[in-house]
Amino acid sequence: MVTTTALADARSVAAQVTDPEMPMLTLEDLGVLRDVAEDDGRVVVTITPTYSGCPAMATMRDDLQHRLLDAGYDDVQVRVSLSPAWSSDWITDRGRRALAEHGISPPGAAPAGGPVVLDLLPTRRAVRCPRCGADGVRLVSEFGATACKAVYTCGACLETFDHVKEI
Amino acid sequence: MTDDHDSVYDGLLGEDDSHWAFGTSFEDPLAGVDTTIPDGADPATLATYCLMLGDDALVYSHRLSQWASNAPDLEDDIALANTALDLLGQARLLLARAAAADPSAVPAMPEGSPVPAEDSLAFFRDEPAFRNLRFVEPENGDFAVTIARLLVFSTYRLALLERLASSSDPVLSAIAAKGVKEVAYHRTYAGRWFVTLAQGTPESRRRLEAALPLVWRHHDELFATHPVEADAAAQGVGVDPAGLAGEVGAVLDQVLATAGVERPEVPSAGPVAGGRGRDGRHTEHLSRLLAEMQSVARAHPRGQW
Ligand SMILES: [Zn+2]
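So this is what it looks like as C-alpha cells:
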C-alpha cells in the first residue's frame, strides 16, 4: 500500500530526476515524465520517449528506479507509454528557461497535426542566439549532437549553438 | 540532491548494466505497453507485417550508419547517423511488437542466453527470414545515390506511416504516429539535398542523374502488395502499399520538378528466384550486410558486456 502522501513524495522524487543528455532539464520539465501512480501496492512511473531511437531511455528508467529506491520505494515499475507521442510542446516554461540559460535555444511551437506537406525551402524559425540575443542566426544543420537538436550559428557573436527541434 | 550525471565515467564504472548495446540487458522498449492482439487480427499476420516494416528500418539503418565518419562533411555525417538512429528505434519497436504478437517468430536461443526477443530477431534470423524490401539493400554508392535512395524511401515510408497511424493495433498506431514526425525530417533533408545537387555544380548534377536510374530500378517493389500486407490491411492493422503509389509519385514529381530532373524511364528489377524481398528473396548485398551486422552477436550468443 502506498499512501497518498507517500505517492506525492514519490512523484516529487521522480520529478527531480534529470535528463542524461540535457542535465539542466528534469524529466518533468522535458515532458517525458507522464505519470506517477500506485498500482497494487507498487509505484508505477510512466515515461514517453522523445524519439523512437532515443538511447537515453534505458538510462532514464534506471535513474528513476535508483532514485526512488534511494528514497525508500523498493517496489517501483517504470512503464513506457507510446501514445500520445512526445511533443516538444510538452517542455515546460521552466524547462525552456533552463535551456536558454545553458546556451540551448528552446523550441518554437510544434507543427500542427495533419498530412506532412513537402517543404523544400530552408526551415524558417524565429530563433535568437541564446548567448547574445541576436536574431541574425544561420541554420547549419537540422541534425545535431542528439536526435532532438538542430545546429545554428549566430551572425553577431559567431558562436555555434543547439536549438531543440519542434516535433 | 545527488546528480545522476556527474561524470560520463560513472556509467562505465558503476553497477549499471542497462547501457544500450548488444549483449547488455537493456530493457524491452515496449515495457508496460499493452500488446493484446486487436479484434479481427491474426497474430502471425500481425507479427510478419511488423517484421516487414521493422526489417526495412533495420537494414536501411545499418546501411545508412555506414556513412558515419565517411560523409562529405561533419553535418551530413551527423544527419545520416541521426536518420539511421531514428530508423533503428523504429526497428526495435517493430521487432519487439512482432515478438509480442507471435513469440514463435523469434529464433530459439541457447539456454541461459540474455538476448532479448528483439535482438534475437535482429541478429539470429538468417537471410530468408528477413522480410525487408530489396530497395534498402544495395551499397550506399556515392552521396548522390544515397540522397536519391533516401528521398524515395522516406517519401514512401512517410506516406505509409501516416496511414498506419490509423491502425486498429494501438501499438502499431503509436509507433507509426511517432515515426511520422521523424521521417518527415528525413524526407526534408533528402529533398533539399536532391535539389541542391541538381542545381549545384555540373559534377553534382551528373552524379545525381547517374544515381536516379540505379535507385529507380527497385521503385515498383515499394508498391507491390505482398499477400501478408493485403491480409494485414484487410484485418485493419496494416496498410496496402499499392494505395500509396499515387501520393508518393506526386511528392517525388514535385521534388523532381523543383530540381529540374526528369523522372527516369528504366526497366524494373525483376524478382529473385521467383520472389521479392517481402518473400525473403534478397540480393547478394543483404548477405554481406547481415554478415557484418550479425557476426559479433552470433559469436557470443551468451555475451554480456
Ligand atoms: Zn550570438
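Residue numbers (this note's numbering), protein chains in the order written: chain A, 21 to 187; chain B, 24 to 328. Beta carbons are placed, not taken as given, at the ideal position from N, Cα and C, and that holds for glycine. These numbers come from a predicted model, not from an experiment.
Residue burial classification, S189 (chain B) (beta-carbon count within 10 angstroms, cutoff 16): Counting Cβ neighbours within 10 Å, S189 (chain B) comes out exposed, since fewer than 16 surround it.
Candidates A:L141, A:D39, A:V171 and A:S107: closest to T219 (chain B) by CA position: Of the listed residues, the one whose Cα sits closest to T219 (chain B) is A:L141.
Distance between L235 (chain B) and D78 (chain B) (C-alpha atoms, nearest Å): C-alpha separation (whole angstroms): 24 Å.
Where D182 (chain A) sits in the DSSP three-state scheme: D182 (chain A) carries a strand assignment under DSSP once its states are collapsed to helix, strand and coil.
Listed by chain order, chain A residues near D109 (chain B) by CB distance under 8 Å: Result: Y71, S72, G73 and A167.
Neighbouring residues, chain B, relative to R99 (chain A) (Cβ below 7 Å): Those within 7 Å of R99 (chain A) in chain B are A54 and G55.
Whole-angstrom distance between L245 (chain B) and F217 (chain B), CA atom to CA atom: Each residue's alpha carbon lies about 20 Å from the other.
Alpha helix (DSSP H) runs wholly inside the stretch 106-177 of chain B, at least 4 long, in chain order: Annotation note: the stretch 106-177 of chain B contains the following uninterrupted alpha helix (DSSP H) runs of length 4 or greater, listed N- to C-terminal: 140-146.
Where V56 (chain B) falls, given that 16 or more other Cβ within 10 Å makes a residue buried: Counting other Cβ atoms within 10 Å of its Cβ, V56 (chain B) reaches 16 or more and is therefore classed as buried.
CB contact check: P193 (chain B) to chain A, cutoff 8 Å: Cβ-Cβ to chain A under 8 Å: yes for P193 (chain B).
A257 (chain B) classed as buried or exposed, judged by whether at least 16 other C-beta atoms fall within 10 angstroms: Burial call: exposed.
Y83 (chain B) to L110 (chain B) span [Cα, whole Å]: Each residue's CA atom was taken as its position, placing Y83 (chain B) and L110 (chain B) some 8 Å apart.
Assigned secondary structure, A170 (chain A) (DSSP; H/G/I helix, E/B strand, else coil): Note: A170 (chain A) maps to strand in three-state DSSP.
Boundaries of the beta strand (DSSP E) in which A265 (chain B) is found, first to last residue: A265 (chain B) -> no beta strand (DSSP E), and no H or E assigned at all.
Chain-ordered neighbours of E162 (chain A) on chain B, where CB pairs are closer than 8 Å: Listed along the chain, the chain B residues whose CB falls inside 8 Å of the CB of E162 (chain A) are A102, Y208, T211 and Y212.
Residues near A114 (chain B) by beta carbon distance below 7 Å, same chain, minus five either side: Sequence-distant Cβ neighbours of A114 (chain B) in its own chain, meaning closer than 7 Å and more than five residues away, are G77, A80, L81 and S84.
Straight-line gap, A94 (chain B) to D59 (chain A) (C-alpha atoms, nearest Å): If you take the alpha carbons of A94 (chain B) and D59 (chain A), they lie about 49 Å apart.
Backbone CA spacing between A91 (chain A) and T38 (chain A) [nearest angstrom]: Take the alpha-carbon of A91 (chain A) and the one of T38 (chain A): they are about 16 Å apart.
Residue nearest to D95 (chain A) in terms of C-alpha spacing, selected from A:C174, A:P135 and A:V22: Considering only alpha carbons, the answer is A:V22.
Cβ-based burial, A314 (chain B) [other Cβ within 10 Å; buried from 16]: Burial is judged here by how many other beta carbons sit within 10 angstroms of a residue's own beta carbon; A314 (chain B) has fewer than 16 and is exposed.
Nearest-angstrom beta carbon gap, R210 (chain B) and T178 (chain B) [assumed within contact, 8 Å]: With 8 Å as the limit, T178 (chain B) and R210 (chain B) qualify as a contact, their Cβ atoms being about 6 Å apart.
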